[in-house]
Structures are given as C-alpha cells and as structure tokens.
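Chains as they are written, first to last, in the numbering used here: chain A, 866 to 1171; chain B, 593 to 859; chain C, 1250 to 1582.
I have placed the structure first, in the form of structure tokens, so that the comments after it can refer back to it.
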Amino acid sequence: MVNSEHMKFRSLINIFMIFIWLCFGELPATAGIVTDKLGRKVLIPENPQRVISLAPNITEIIFALNSENRLKGVTLHCDFPIEAKLLPKVGSYVGLDLEKIVSLKPDLCIAIKDGNPKNVIDRLESFGIPVYAVDPRNLESVMETILAIGNILGAGERADILVQKMRSRIMHVRALVERTSHRPRVFFQIGAAPIVSVGTRTYIHELIMLSGGINVTAGDTPYPRFSREQLIALSPEVVIITSMERSDVFEQVLAEWNKWPQIPAVHNKRIYNANSDLFDRPSPRLIDGLEMLVKLIHPGLSGDKK
Amino acid sequence: MNPAISVNNLNYSYGNTSILKNLSFHIQRGDFFIIIGPNGSGKTTLLRLFAGIISASDGQIELFGNPIKNYTRKALARKIAYVPQTVPIDFPFTVSEVVLMGRSPHLGMLGLEKEKDLVVAKQAMEFTGLEHLAHRKTHQLSGGECQRVFIARAICQETDIILLDEPTASLDLAHQTRIMDLMEKLQKERDITVVMVSHDVNLAAMYGKTLLLLKEGQIVSRGKPDEVLTFQTLESAYGCTLLVDESPLGRFPRVTPVPGRLMKIKD
Amino acid sequence: MKFHFLKRLLLVAFVLSILLAGVMFLGISIGSTGSNFSDVWRTLLMNKSADSVLEAIIWRIRLPRVILAALVGATLSLGGLVFQALLRNPLAEPYILGISGGSAIGAILGIIIGLSYFPGVSIMAFTGSIGTLVMLLIMSPGQAVLKKDSLLLSGVMVNAFCSAVIMFLISMTRDARLHNIMFWLMGDLSTADIEQVCFLAAALLPCFILIFWLSNIMNLLLMGRDMAQTMGVNVKIVTLTLLITTSFMVSTTVSYCGLIGFVGLVIPHLFRLILGSDHRILVPACVLGGGAYMVVCDLLAKILPSQGEIPAGVITALIGAPLFIFLLKRSRQ
C-alpha cells in the first residue's frame, strides 16, 4: 500500500505514538533488531501476531499481560491459566516438536534458556523464525523478563503496571517481616524420594529469605539431597512440601516426617503442602508464592493488611 | 625334483618351552606322509608350521625348493590346504557354501565364483560323497560327514599339498577307514602330497608310505612303516610295551598294546 | 549358472532398496502435523512446490530425519553383523565392546556441563566411546585381540563399569538436564539437520563399502582363525580393521543420536534366517533392511502416541525383543 493515503495514516500513527510515549514513558512496541536476555541479536517484527511460547512461565506472563490474542501455540505443560490448555501444543519445553512449530507459521517464538534445547532454537532460526530468549534467574530478572516481553508484544504499559504491582507486594511483605526479628528455620522439600531441597541459587531460596525465614539448606548445590539423620540435625521449624504429583503423596511424606517428633516442625505441626507451580515457575505467580510463604512462616504477622 | 616340503634345522619355541628341536627331513612329492608320536611330541605344531599359521623360531622350511617365507599368504594358500582337527560351527553355512570357500585363494576380495569354481566344488563334493548333502546346514551333520565337508573344501582349494590334523580322531571305525581311503585316492589319482598327523599307529601303518615318529620335538625314526614301526623305536618313543608283528591283511606292521596282566607271559 | 551368486545379490539388493524407498516415502509423508502423501508425490514427481511451510516441513524437517533413521539403522545392523562374525557369538551386538558405556559417559558429562548437542555433546560421546575402545585394546595384550573370548569379556566388564558410573552421574543430576540425559540414553532421532546428516553420511558410507569389501573374508573368519589364515587371510590385520571401522561407525552414530538398542542384535539374525550366512549378501541386506527397519520404528515413534513422541529406542526394544525371541525359536527348528 504505497501511496499518499498510507503516508498520511502513518504520520498520524507516529504522532499518536509519541503522545502515548509522553504519557506513559513507553513506546507501544519495539521492532527491528533487539538484544534478548542472552545477548543474542534477534530481528523481531513490529507487531507480532503469531507468537509461540516455548515454556510454561512465558505462557503465564503473556496471559498476565493480556496479550494472549497473539499467542498461537504453547507447550504441553502450559496449564495456567486454564485457557492456555486450549491452545495448540508444540511438545514439551525440553522436547519441542519442530514440525508443529513451523506448521503454525509463527512470527516470533519466546524461549527460555534453562530447558529449551539450543539446537532446536538454532533450527527455528534457520527457518527464518525469530526466537527471543529470556533467562529469569531471580525475582529481579523475572520482572525484567516481564518488561522485556511486554515491550516486544506491544504491552509495555501493562507490563509496567504488572511489575509495579509485584514490587509493591514485595515491599509490603518486606514491611511485614521487618516487624519481627524472628527468623524461623525453613526446610523446603521439593522431592519425596530421595529427599531434595533447594540451595541458594533458586527462586525458592529468595522467596524464603524475603518472607523472613532462613533456608536451612542454603548452599552451592542447587538441589541438595538429605537423609533423615541430616534432617534431624537441621532441625527445621517450618517444613513446606511442594507436591508435583497426586495428593496422596503428601500424606505419605507427612507420615514419614511425623515419625520424628524431635524435629520442631513436626512437634509444632508446622508441615505444610504447597503448589509447586507458585515456587518454581519464573512468572508473576512467584509473588503469590511469596505471600503464601509469609502466611505460613509468620502466621501472626499477616493479620493486618493495609 | 625338489621335494614337496623340506625341513632344515627347524626349531620352534613357545615362550621358554622348546617344542621342536633341530628337525631336518624332507617329504617327497606325491607321498602319503604320516606323522606319529606320543602327546606333546610337537606333531600338530609341525603341521601348523607347514601351513604357515606360525613361524619357526629358527631354521628353514621349503616348499618345492622355495623358502616358505617367500610365499605371500594367498600364494601359500594355493599350494597348501589345511584341515584342522576341529572347526567351530557357530553359524549355519550349507555344505556347498563351505566347500566353495575353498576357492577363495584363487579368487579376488569378494570371492565371486565363476562357473569353473562351481564345477571344482561339485567334483570335490562328489569325490567325498557329499552331493546329496549339498544344501544341508553343517550343524545338522554327523561328525564323519562334517569331517568330509572340510576335506572337500581342502580338495576344492586345488593345492599340491593337503595337511590333515588327526582327521580320524573322533570318528567311528567305518568313517575312519572311509576318510583314509579318500586320502589314499587323492594321493594316487591326483598326485597330491598328503601330510597327516595321526594318533592311530595302525592306520598309519596301513596307509602311510612314509612315517615320521616324533618324541619330545625330535625325530625318533623316519622311513617306511616297517622300518619305523619296530619294537625298539616304538618302546623308546611311547615308553610302553608293544607287540609288533605283520598284519594278516598285507605287508605292513601291526602294533598291539600289551595289557598289564599279560606282561609276565610276554616273551 | 554363471555368476549365480551375483544374481542373488542383485535381487536381494533390489528388493530391499524398493522397501527402503517405500518406507522413506512414508516417513516423509507422515509427521506430527498429519499426512501429506499427495503433496509429497506432487513435489517429487512434478517439482511443483506446495505451500512453502509444508515444503519446509517435508524437506527440511522430515527428510533429514528419515535419512538419519536409515543411516542409523544401517550402521547398527551392520555393526551387529560384524561383531557377531568377529566374536563368533550370536549374542554380540554393536555396543558389546564398551561403546555404549563409553559414549554414554561422554554424553552425560557433556550434557551436565551444559554443552549444546552438536558439536559439544556429540564430540564428548564420540571421545568416550573411542576411549573405551583404546582402553580395551590396551588391556588385551597383543594376541588377545584375536582371542574372541577375552575381547568379549573385557567388553562386558567395561560396559558394566560404565553403567555404574552412569548411574552415579544420573543420581547427581536433577532438573531439565536429567530429562535431556534420559532422552539421550533412550535414543533420539529428532535432532536431524540436513547438513549434519550429510556429514554423517559422508563418514558412514565409506565404512559400509569397506565392510562389504571384506564380507567374503568374514565368511572365512567364521571357519576359525587357523583355517582362515591358511586360506590366505591375514587374520590379525583384518580383525583389527573390522574392529576399528565398526567401532568408529557405531561411535559416530551413537554420538549423534544416543543409544538405540535391539537393532544391531535382531536385524542380522533376521536376515541370516531368511538369506543364509553368506556375508556378501548379509552386508547389503543389513544396510538396506536395517535402514528400512529403523525408518519404520521412527515412524511409529512419531505416530503412535497421541501427544508428543516416544523415543525411537523404546520402539526398537518393544518390537525387537519379541522378534528376537521368535527368531531364536525358529532357528532352533
């Protein structure tokens, strides 16, 4: 459509864009060559209409940004929100189905560093499909990821608002926690057999620290294992178990713990079940996880809310 | 005329053990040459040296006047065929496939057989009485039939010399004679030099034209059966009492071991 | 009846080539987005390009995968055949001399460090398997290389040791890498890329040719070392050549797509039952027939599950094990 009408239309759009920018400090959409979170240069379209999410957390973020109309494909385990389950599936995030992805004719794919196989990403690019990669390693970078995805999907302001909300919720939790100097010892169990907990370089550790607890299994090993003996020695005051499978698994694990009443958490009946998705998916729901943790670790504090 | 095989100061050691000590003798062309001796005398080792499977530690072996070292492996295979005592049968080949393999030394890498090769194989099978078993798998055959298959293969190899290591060792009487008759026929009709290691002194006496008696890697005696198979040489080689007389079947010796209980009665 | 063997060889090769071409056609026509037989026909015959996305799917995703499957099936079947002949043991298969153990350790270490599949993990896997071969050759002094039993025993020991190391490495890993490791161990043909497949073909085809060239000698080797030697075969050199070529061939394949089992064990027996023991016919039969078998297994791996894919190695085991038992029974009769 190369004619003067088009030119006029475009200049109007440009003025409008500048107006929006002045109001909200954000351009609606970034286009051209951008640098993704891994330092790769990616050529993304101005207004991506056919986006494929290559990981569950990315799907959640896209829905949270109300940009799901652009989303044309998700992975097998993208289950939040429920609507995500209705979208076409492109395999699991570790075993992506190249054929399916290509057949959906995407104009942009969003990938995650930890998990998506690099050779599939490379092949997607060899088909001329741009892949924007993110690498959320902690809360701060999760928020950066949300902003970045917002930028490329033309949901910049919504991303800003979302991130602001997340920050204020974090600050609120911080304020609550500052009211007490008590820092209970927390054991966060992510594996039933063998018993696996979390080290320093995980989201969970960050959330525990923010919610005013001490992660008894902090350390270099991201997912350390423990024997019963070591648990007794660690002597946690709060135990949180995330169940990735069925609920009866939690009952069994609880029964196991209850055999050791010398552990404070057992004695005081402070063993809780939690939804793992709130703790290991780098998405806005991490803040939900944080808030849940505060309630479990400091039950007295979260009584008064502003 | 060069002898088929001539051996000069042959020595063979395995590690520190000396198995053959300073052997010197020759085998005439067209001879039926049978090597006998007690266990451990080095008979099989000698045969394997002739076949080129192992090399001498010292000394010379010549085939038709040429040192064995000068032959390439394939050239040697066209001169000498070897029938070992046992052959592993792990995979089911048919009789005709095994016999045809004898043609390999005359063919290229892939062993693509021509009409002539098929004819030679057929003849070898007829000679050994195996035509009716051509498509049978080898593991379905009896011991005697199997032995004949490998002999047929050796015949198919169309060599001047055939070496056989104790071909009658595990066969019944009927098959023993049959095999020996076959070898005699080969030697007479086709002028092939047959060199055989045998446990059975009487078969050696019946069929052999020249015998070689070994003990502990050294020659005790070499010559015609009635020269080699005397009471003294046999007793010194085998270390036991034997009765030697002339066989009622012909002018060749008959050796009979003497049981312990009869020792006192013997002259 | 001139060249009767040649006629038989050509017939077998022709029939199996048609079979291979047929299943390859099926393979490129069927995928996770459905079946497109008519489109493939049209593009093949009339060179008319269909919708470009479909073209990309057929030629750049499905075709390399099908070619890879054929190459893998051919290599593993041929590897099994050669080891069965060299070791004179019907239970021999391409991984028996420690190749599976060594390459798995290399690959797992590569995945744990975080290398990309190609070339990183592949090179680690290849190094691992060649490393075990070298270790094996060093452990077996001189003549022992020719003694099939000691080679077999050493190989079994090496594999057992490697299994223990692998179990240890797996137990130490968690998260997505564990998933990647398990997928690698079960065999994965989905990473095919046309350039890499061409590179693989260039490495493997000379091996196939060399082994075919030595196929008659393999027949002779089965008669025993001594007899083979007296028929003009340099047993030591031939054994080493076959050992090294086959190990190289299998290592290359494994380093690219993981451990796919049962192909190398079953296919040689299958063809031996149908075609007899002459390796001059068995070698091309295993290459073509083994390739076709793998293409079919990969196809089933793609279409059987309603969502996602089963690893190809699972299919070959599910089909291969009962097939092998059946063949064992038949060969006894």
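Ideal placement from N, C-alpha and C gives every residue a C-beta, glycine not left out.
Presumed contact (8 angstroms Cβ cut-off) between residue i and residue j, rounded CB distance
| i | j | result |
| --- | --- | --- |
| residue 846/B | residue 797/B | 7 angstroms |
| residue 1262/C | residue 1533/C | 5 angstroms |
| residue 1430/C | residue 1440/C | Not quite, the Cβ-Cβ distance comes to about 14 angstroms (not below 8 angstroms), so this is no contact. |
| residue 1276/C | residue 1548/C | 5 angstroms |
| residue 1407/C | residue 1384/C | 7 angstroms |
| residue 1142/A | residue 945/A | 7 angstroms |
| residue 1078/A | residue 1048/A | 6 angstroms |
| residue 1135/A | residue 1102/A | 7 angstroms |
| residue 940/A | residue 919/A | 6 angstroms |
| residue 1068/A | residue 1003/A | 7 angstroms |
| residue 938/A | residue 969/A | 5 angstroms |
| residue 731/B | residue 684/B | 6 angstroms |
Residue range of the unbroken alpha helix (DSSP H) whose run includes residue i
| i | result |
| --- | --- |
| residue 773/B | 765-782 |
| residue 987/A | 983-991 |
| residue 656/B | From DSSP, residue 656/B is part of no alpha helix (DSSP H); its letter is neither H nor E. |
| residue 799/B | 793-799 |
| residue 601/B | That residue, residue 601/B, is in no alpha helix (DSSP H); its beta strand (DSSP E) goes 597-606. |
| residue 965/A | 963-968 |
| residue 1145/A | 1142-1145 |
| residue 1016/A | 1004-1017 |
| residue 1313/C | 1312-1335 |
| residue 637/B | 635-643 |
| residue 943/A | From DSSP, residue 943/A is part of no alpha helix (DSSP H); its letter is neither H nor E. |
| residue 1542/C | 1528-1552 |
| residue 1352/C | 1348-1362 |
Endpoints, the beta strand (DSSP E) within which residue i is located
| i | result |
| --- | --- |
| residue 838/B | 834-838 |
| residue 1054/A | 1050-1054 |
| residue 647/B | Careful: residue 647/B lies outside any beta strand (DSSP E) and carries neither H nor E. |
| residue 756/B | 753-757 |
| residue 619/B | 609-619 |
| residue 845/B | 845-849 |
| residue 788/B | 785-789 |
Same chain, Cβ closer than 6 angstroms to residue i, neighbours up to 5 away in sequence not counted
| i | result |
| --- | --- |
| residue 778/B | 784 |
| residue 756/B | 675, 788 |
| residue 1050/A | 1079, 1081, 1101, 1102 |
| residue 625/B | 619, 787, 802 |
| residue 1541/C | 1268, 1269, 1272 |
| residue 1163/A | 1077 |
| residue 812/B | 805, 825, 829 |
| residue 1055/A | 1061, 1107 |
Sequence-distant residues of its chain with Cβ nearer than 7 angstroms to residue i (five each side left out)
| i | result |
| --- | --- |
| residue 890/A | Low confidence applies here, because residue 890/A scores a pLDDT of 45, under 50, leaving its location unreliable and the question unanswered by this model. |
| residue 1090/A | 1059, 1060, 1061 |
| residue 693/B | 745 |
| residue 613/B | 603, 809, 810 |
| residue 1581/C | none |
Residues near residue i in its chain [Cβ-Cβ closer than 8 angstroms; skip 5 each side]
| i | result |
| --- | --- |
| residue 910/A | 896, 972, 973, 995 |
| residue 659/B | 652, 653 |
| residue 1028/A | 1008, 1011, 1012 |
| residue 1449/C | 1317, 1320, 1501, 1502, 1505 |
| residue 593/B | 621 |
| residue 942/A | 921, 957, 958 |
Closer than 7 angstroms: residue i CB and nearest the ligand PLP heavy atom
| i | result |
| --- | --- |
| residue 906/A | Ligands in the displayed structure: none, and consequently the ligand PLP is not present. |
Pick out the complete alpha helix (DSSP H) segments inside the segment 1472-1512 of chain C, 4 residues or longer, and give them in chain order.
-> 1474-1479, 1484-1506
Evaluate contact between the segment 957-965 of chain A and the segment 975-983 of chain A, counting only Cβ atoms and requiring at least three cross-stretch pairs below 8 angstroms.
-> yes
At least three beta-carbon pairs within less than 8 angstroms, the segment 655-663 of chain B to the segment 611-619 of chain B | no
At least 3 beta-carbon pairs within less than 8 angstroms: the segment 1310-1326 of chain C vs the segment 1441-1448 of chain C = yes
Entirely within the segment 1364-1425 of chain C and at least 4 residues each: give me those alpha helix (DSSP H) ranges in chain order.
-> 1371-1388, 1397-1420
Pair every Cβ in the segment 1480-1493 of chain C with every Cβ in the segment 711-726 of chain B, then say whether three or more of these pairs are closer than 8 angstroms.
-> no
Could you pull out every unbroken alpha helix (DSSP H) segment of at least 4 residues lying fully inside the segment 1067-1137 of chain A, listed in chain order?
-> 1068-1075, 1093-1099, 1112-1122, 1129-1132
Given 8 angstroms, three or more beta-carbon pairs between the segment 1361-1376 of chain C and the segment 1518-1525 of chain C = no
Segment contact flag, the segment 736-752 of chain B with the segment 672-687 of chain B, C-beta cutoff 8 angstroms, min 3 pairs = yes
Do the segment 691-708 of chain B and the segment 1457-1474 of chain C meet, that is, are 3 or more Cβ pairs less than 8 angstroms apart?
-> yes
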